[in-house]
Each structure stands twice: as C-alpha cells, then as structure tokens.
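K.L.:
Those letters in the sequence shown? Residues 6 to 381, per this note's numbering, in order.
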Amino acid sequence: MQHLDWPFFDDRHRELAASLDAWCADHLRVAHAADVDTQCRALVAQLGAAGWLHHAVAGEGEAIDTRAICLIRETLARHDGLADFAFAMQGLGSGAISLQGTPEQRARYLPRVARGEALAAFALSEPEAGSDVAAMQCRAVAEGDDYVLDGEKTWISNGGIADFYVLFARTGEAPGARGISAFIVDAGLPGFEIAERIDVIAPHPLARLRFTGCRVPRRQMLGTPGEGFKVAMRTLDVFRTSVAAAALGFARRALQEGLAQAKARPMFGARLADLPLTQAKLADMACTVDSSALLVYRAAWLRDQGRTVTKEAAMAKLMATEGAQRVIDAAVQLFGGRGVRRGEVVESLYREIRALRIYEGASEVQQLIIGRELMR
Ligand SMILES: Cc1cc2nc3c(=O)[nH]c(=O)nc-3n(C[C@H](O)[C@H](O)[C@H](O)COP(=O)(O)OP(=O)(O)OC[C@H]3O[C@@H](n4cnc5c(N)ncnc54)[C@H](O)[C@@H]3O)c2cc1C
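#1: By the three-class DSSP mapping on this structure, what secondary structure does Y364 have?
#2: Which residues does DSSP pair with P132 in a beta bridge?
#3: Could I get the ranges of all uninterrupted alpha helix (DSSP H) runs contained in the segment 226–292, with 4 residues as the minimum, in chain order?
#4: How many Å lie between M324 and A249 at the Cα?
#5: Can you tell me whether V35 is helix, strand or coil according to DSSP?
#6: By the three-class DSSP mapping on this structure, what secondary structure does W28 have?
#7: Quick check: does the Cβ of F197 come within less than 7 Å of any heavy atom belonging to ligand 1?
#8: With respect to 7 Å, is the separation between the Cβ of L129 and the closest non-hydrogen atom of ligand 1 below this value?
#9: Skipping 5 residues on each side, what residues in its chain have a beta carbon closer than 6 Å to that of L339?
#10: Kindly examine ligand 1 and report whether one of its heavy atoms sits closer than 7 Å to the Cβ of H59.
#11: Which one of G156, T217, R224, T229 has the shortest CA to CA distance from G184?
#12: When the distance is taken between beta carbons, is L58 closer than 8 Å to F92?
#13: For the structure I just gave you, are there three or more beta carbon pairs, one from the segment 212–224 and one from the segment 297–316, closer than 8 Å?
#14: For V35, count neighbouring Cβ atoms within 10 angstroms of its own Cβ and tell me buried if that reaches 16, exposed if not.
#15: Count the other CB atoms, across all protein chains shown, that sit within 10 Å of the CB of C45; report buried if there are 16 or more and exposed otherwise.
#16: Taking buried to mean at least 16 other C-beta atoms within 10 Å of its own C-beta, is T71 buried or exposed?
#17: Short check: CB of A73 to CB of L21, under 8 Å?
#18: Do three or more CB pairs link the segment 362–370 to the segment 237–252 at distances below 8 Å?
#19: Is there at least one non-hydrogen atom of ligand 1 closer than 7 Å to the beta-carbon of I161?
#20: So, at 8 Å on beta carbons, what are the nonlocal neighbours of S136 in its own chain, with the 5 sequence-adjacent residues on each side left out?
#21: Say the cut is 7 Å; is the CB of E369 nearer than that to a heavy atom of ligand 1?
#22: Going residue by residue through the segment 191–222, where are the continuous beta strand (DSSP E) segments of at least 3 residues, counting only ones entirely within it?
#23: For V146, collect the residues of the same chain with a Cβ closer than 7 Å to its Cβ; drop the 5 residues on either side in sequence, then sort them by chain order.
#24: Just tell me which of N163, K235, M290 has its CA closest to the CA of T43.
#25: Which residues bound the beta strand (DSSP E) around I161?
#26: Between D89 and the rest of its own chain, which residues show a CB-CB distance below 6 Å, the 5 nearest in sequence each way excluded?
#27: Please state if the CB of G218 and the CB of G155 are separated by a distance shorter than 8 Å.
#28: Within the continuous alpha helix (DSSP H) that includes V351, where are the two ends?
#29: If you check the beta carbons only, do L25 and G121 fall under 8 Å apart?
#30: Between A237 and L214, is the Cβ-Cβ spacing less than 8 Å?
#31: Are the beta-carbon atoms belonging to G86 and E357 less than 8 Å from one another?
#32: Considering Cα atoms alone, identify which of P208, L227, L361 is closest to A256.
#33: Per DSSP, A186 is paired with what?
#34: Does the Cβ of A61 have 16 or more other Cβ atoms within 10 Å, making it buried, or fewer, making it exposed?
#35: Looking at L211 and ligand 1, is the gap between the Cβ and the nearest heavy atom below 7 Å?
#36: Compare the C-alpha of A119 against each of Q372, G196, A55 and name the closest.
Below is the structure:
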C-alpha cells in the first residue's frame, strides 16, 4: 500500500484504507456459497454494520468523498469481487439521491442505504439503449399526482434484490437526452415486475425489469423534469472513476498472486521468477498497476477539489480496466494449468474483470469522450 504516501490523499484516507484492509482480512472470505442473492444481502448488511457504507453516500451538507470511495473499492476488489460489487451498488444506486435529492428524499433513503438496511440499484440501460443512452424508450407520463411508467430496463445490477431503483425514463420535454427524467422507484409497486434474472460469468444479481402502467408518485422525481440525463452523467462522473479503482484492486491482487507463484514455482533448475521473460512480464504488470493508480487517484483528487473530471474519469476507466485485463491475463499465464482451474484466485479475477470494460460506458465510449474533450 505504498501508494498511500502519494500527495493525492489526506491522513484520513490513509487511515481508512489501512483499517479497511485489516477488516477485510478478518471478515471476508473469497469462496462464496451458490446463492449470490443471499451472499449480496449478507455483504451489504455486514458492510453497513461495520460502517463502511457511510462512505458510499453523502450525509446532509457533506460532499461525496471520491478518494474514499475509490480506496474502498480498490481494497474490497483486492480481497473479494462480490464485496466490491455490494459496496459499489449502494453508492451507484443512491448516488443521484446524494447529489440531487430533496431533504425528504435524502432522509428517506440515504440513512437506510448507509446502514445496509436498504439495497439500491441504478436503472439506466435498456435492450435497445446501452451505449446510446439517449435512445431510451421507457417512458413516464404525468397523470394527476403520479407519473405512469411503461417500458423495460436491462442489465440492472441488484435487479431482483434491490429495495429501490434510481430509474431514468423519457418524459418528453425535448427530443433525445434533454427529454429524460430521473425517479426513485420502490420495489414491489404494482406494475413493476422482474422480467428475467440474468446469469453472467462472474455471478452478481442482475435482472431485466418490466414496467406496465406502474404509478410512481411525482414526489419521487429526482431533480427537475428533463434533467435526468444530467443527473445520470453527474452520478457516473463519480462512479466511473470508482470502476477504475475496482479494476486497479483486481490488478493488484493478480500481480500479488503472480509474483508469489513465480517465486514458489521450481522450473529449469531455478524458479519461474528467475527467468528473464518472467521478470519482463512482472515488470509490465507492475508498470500497468502503477500507471492505473496514478490515473485513478488523479481523477478522484481533482473531483474532490470541485473540478470537472469528464476527461480524467474516462482516461482512468479506459486505462485501468483495459490494463487490469492484461495484468490478470499475465497472472493466469504465470500459473499455467492452475490458472484456468475453477476456484483459483486468478481464474475468478479473469472472470471478474471482463464486464468492467463494458459497463458504465464501454472502452470505446471512453475513447470517444476523451477525443471529444481534446477537441474542445
Ligand atoms: C455485469 C453488468 C452489469 C451492469 N449493470 C448495470 C446497471 O446496474 N445499470 C445499468 O443501467 N446498466 C448496467 N449494465 C449495462 C451496461 O452499462 C451496458 O451493457 C453498456 O452500456 C453497453 O451497452 P450494451 O450492452 O447495450 O452494448 P451496446 O451498446 O450494443 O454496445 C456493444 C459494443 O459496441 C461498442 N461500441 C459502443 N459505442 C461505440 C462507438 N461509439 N464506436 C465503436 N464501438 C462502440 C462497444 O465495444 C460495446 O461493448 C451492466 C452491464 C453488465 C454487463
């Protein structure tokens, strides 16, 4: 954890990372039982009871501490991908309420999220609108004191187990991105069903949601009508950097595992670690890990200074997720046959990392964002 000496951090960040690392070593186990929903609920309760989830939300009058969120995600990901997921979804799912909620909305949802008593989700993507978010079709029509929701959302993390969803729907104030609004939708409302549970290579709770004439009270709107796209992008500006931090945690664990294996494995009368090609591989892995860390904590620090980090967050996400994929692949290679055996740490990292290059903006979307920002 030498990077904690970097000037990006305050002492409270250094203490936070060190105490979470110790807590993880005592409380988290990498092997999980088959039922991922139960595991996730238990992890959220455990993280809430220990006080870690307070960092995922901003209390009254507080700003989101991006560096704290990134250090927590990096540390949790290094220990256990599902624990990182549980923390991340409490933050992403409630982020728009922290950033944009009224005092009533904040009081109703954020304390329960922070205590681990309510599970949060973020429902933006649709079957025909993933990278092209502004193509969304799910609509919300004003009727009396309610908005009536019709349409589908898919790939929704915590879908099926969340207590509420921050959902984005077309309200039609203007075409495209300017005609979308954000709502807090409680699970279990009439007309809201889980259409499908989705199984992915690194098991997480995931679902497709369907809304049919589902009435959501007007007071559940976040921000003003037509402001939803901005709310989504502001939330992603925080959590995109934290996806990069999680990728960094996975990459650090892969480097640690690869190095230990290279030192332990006898080969050609020496150790795998003594071979020059192995040292070159380890050097590449270490350079990638450190350059990702610099990009992640630059973006987090800048955001905590109140700066706009659209370009820096995109750079961090692009480089850290793509880099982690290469580092983890190299670690699998160092393990030989054991690297692809189910249950090995590097095998599970290999499955964990893949989706991070796709969600919260695929790598190509990050490249477009960086290119557009450079042209300004
Ligand atoms: C495990 C997982 C969890 C998720 N959790 C959530 C969640 O909680 N909430 C939520 O709202 N969504 C979630 N998503 C959805 C995720 O954000 C989308 O999958 C993502 O935005 C890509 O959309 P898509 O799958 O429709 O792919 P598409 O939009 O069809 O994109 C396919 C591919 O096209 C390429 N591409 C995209 N844009 C360009 C371009 N401009 N030029 C060239 N190529 C391009 C990329 O390689 C991309 O992977 C999750 C997805 C996964 C896999």
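Ideal placement from N, C-alpha and C gives every residue a C-beta, glycine not left out.
P.N.:
Looking at the coordinates:
#1: Counted from its first residue, the sequence shown places residue 364 at position 359. Three-state DSSP puts Y364 in coil, outside helix and strand.
#2: If you number the sequence shown from 1, residue 132 lands on position 127. Under DSSP, P132 takes part in no beta bridge, so it has no partner.
#3: Counting whole runs of 4 or more residues, the segment 226–292 contains the alpha helix (DSSP H) stretches 233–269.
#4: Residue numbering aside, residue 324 sits at position 319 when the sequence shown is read from its first letter. Residue numbering aside, residue 249 sits at position 244 when the sequence shown is read from its first letter. Straight-line measurement puts the Cα of A249 at about 8 Å from the Cα of M324.
#5: In the sequence shown, residue 35 corresponds to position 30, counting from 1. Its pLDDT being 48, under 50, V35 is placed unreliably in this model, and the value from its coordinates should be taken loosely. In the three-state reduction of the DSSP assignment, V35 falls in the coil class.
#6: In the sequence shown, counting from the first residue as 1, residue 28 sits at position 23. If DSSP states are grouped into helix, strand and coil, W28 belongs with the helices.
#7: The residue given as residue 197 occupies position 192 in the sequence shown. F197: no, Cβ never under 7 Å from ligand 1.
#8: Along the sequence shown, one-based indexing puts residue 129 at 124. Yes; taking the cut-off as 7 Å, the Cβ of L129 has a heavy atom of ligand 1 nearer than that.
#9: On the sequence shown, position 334 is the one that residue 339 refers to. Once the five neighbours on either side are set aside, the close Cβ partners of L339 are G263, Q266, A267.
#10: What you label residue 59 is simply residue 54 of the sequence shown in a count that begins at 1. Flag unset: Cβ of H59 not near ligand 1.
#11: For the purposes of this step, residue 184 is taken as residue 179 along the sequence shown, with counting starting at 1. Nearest Cα to G184 within the set G156, T217, R224, T229: T229.
#12: In the sequence shown, residue 92 corresponds to position 87, counting from 1. In the sequence shown, residue 58 corresponds to position 53, counting from 1. Contact: yes.
#13: No contact exists between the segment 212–224 and the segment 297–316.
#14: By one-based count along the sequence shown, residue 35 stands at place 30. Note that V35 scores a pLDDT of 48, beneath 50, so its modelled location is shaky and nothing firm can be said.
#15: In the sequence shown, residue 45 corresponds to position 40, counting from 1. Per the 10 Å Cβ criterion, buried.
#16: For the purposes of this step, residue 71 is taken as residue 66 along the sequence shown, with counting starting at 1. So T71 ends up on the buried side.
#17: Here the question's residue 73 lines up with position 68 in the sequence shown. Here the question's residue 21 lines up with position 16 in the sequence shown. In this structure, L21 lies closer than 8 Å to A73 by Cβ.
#18: For the pair of segments examined, the segment 362–370 was found to touch the segment 237–252: the number of CB pairs separated by less than 8 Å reaches three.
#19: One-based indexing of the sequence shown puts residue 161 at position 156. Placement of the Cβ of I161 at a distance of less than 7 Å from at least one heavy atom of ligand 1 is found.
#20: Position 131 of the sequence shown, counted from the first residue, corresponds to residue 136. These residues qualify, in order along the chain: G366, A367, E369, V370.
#21: As a working note, residue 369 is residue 364 in the sequence shown. Answer for E369: yes, Cβ within range of ligand 1.
#22: DSSP runs (the beta strand (DSSP E)) wholly in the segment 191–222: 197–202, 211–222.
#23: Locating residue 146 in the sequence shown gives position 141, where the first residue counts as 1. The residues are Y152, V153.
#24: Along the sequence shown, one-based indexing puts residue 43 at 38. Minimum Cα distance to T43 is reached at N163.
#25: Position 156 of the sequence shown, counted from the first residue, corresponds to residue 161. Per DSSP, I161 belongs to the beta strand (DSSP E) from 151–162.
#26: Counting from 1 along the sequence shown, the entry for residue 89 is found at position 84. Cβ neighbours of D89 within its own chain (closer than 6 Å, five residues either side excluded): R78, L81, A82, A251.
#27: One-based indexing of the sequence shown puts residue 155 at position 150. One-based indexing of the sequence shown puts residue 218 at position 213. The question names Gly, yet the displayed sequence has Asp at residue 155. In terms of Cβ geometry, D155 and G218 form a close pair [threshold 8 Å].
#28: By one-based count along the sequence shown, residue 351 stands at place 346. In the DSSP assignment, V351 falls within the unbroken alpha helix (DSSP H) covering 350–359.
#29: The sequence position of residue 25 within the sequence shown is 20, counting from 1. The sequence position of residue 121 within the sequence shown is 116, counting from 1. Cβ atoms of L25 and G121: not closer than 8 Å.
#30: Along the sequence shown, read from residue 1 onward, the residue named residue 237 stands at position 232. Along the sequence shown, read from residue 1 onward, the residue named residue 214 stands at position 209. No, these two residues do not count as a Cβ contact at 8 Å.
#31: Numbered from its first residue, the sequence shown carries residue 86 at position 81. Numbered from its first residue, the sequence shown carries residue 357 at position 352. The Cβ atoms of G86 and E357 sit closer than 8 Å to each other.
#32: As a working mapping, residue 256 is identified with position 251 in the sequence shown. Looking at P208, L227, L361, the one whose alpha-carbon comes closest to that of A256 is L361.
#33: Position 181 of the sequence shown holds residue 186. Looking at the sequence provided, one finds Ser at residue 186 rather than Ala. According to DSSP, residue pairing for S186 in a beta bridge involves A174.
#34: Here residue 61 is taken as the residue at index 56 of the sequence shown, counted from 1. Around the beta carbon of A61, 16 or more other beta carbons sit within 10 angstroms, so the residue counts as buried.
#35: As a first step, residue 211 is located in the sequence shown; it is residue number 206 there, counting from the start. Distance from the C-beta of L211 to the nearest heavy atom of ligand 1 is below 7 Å.
#36: Sequence index remark: in the sequence shown, residue 119 carries index 114 (1-based). Of the residues Q372, G196, A55, the one whose Cα lies closest to the Cα of A119 is A55.
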